[in-house]
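All letters in the sequence shown, in the order written, are residues 146 to 281 by the working numbering.
Heads up, the beta-carbon is just placed ideally off N, CA and C, and yes, glycines get one too.
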Amino acid sequence: MKTNKILTTGLGLLIALTGVFGVTACSGDNGAGSASQSSQATQNIDVAEDLENARQTVLEALEDDDWAQVMLASDVDAPTVKYGLLVMPYTYSEATSRVQGTIEIDGDKFTIEADSAATGQTWKIDQDGTITEVTE
């Protein structure tokens, strides 16, 4: 009876320890990578939403006419032509400290820059929606 109890207890402890070590090993490998990836994704997401909205605003402006420049401004309520360029209503969130106001259009190509309020990093989005960090 004692032998069975000792074997059962020993086997139970061995299985439990193997499970604990296995979970610890797996979570240790993924945890470090996930934290880094999550941090990078958070930086991108804050500015990305405002950049996507700005890009969509410019694309809407280009649906009706071929403009050489489109201005994004918070002081207009509707699309307005001022000084020979189309001014589109646009506001950005508190996550972004600056969004480029005047967008140069070259054919169907353009980029829009924005600065992250949290990190100060500058990001840009192109007409296709690709977001990249601007480096000096």
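- In this structure, the alpha-carbon of V192 lies about 9 Å from that of T267.
- For P234, the closest C-alpha among the options E278, D271 and N198 is that of N198.
- In the DSSP assignment, I250 falls outside any beta strand (DSSP E) and carries neither an H nor an E.
- Put simply, the backbone Cα of L231 is about 31 Å away from that of A263.
- In this structure, L207 sits away from G246, with a CB-CB distance that is not shorter than 7 Å.
- Secondary-structure assignment with DSSP links E278 through a beta bridge to W268.
- DSSP links R200 through a beta bridge to no other residue.
- Look at A263 here: in three-state DSSP terms it is coil, with no helix or strand label.
- Exclusion of the five residues before and after Q214 leaves L230, T247, I248, E249 and I250 as the residues of its chain whose Cβ lies within less than 7 Å of its Cβ.
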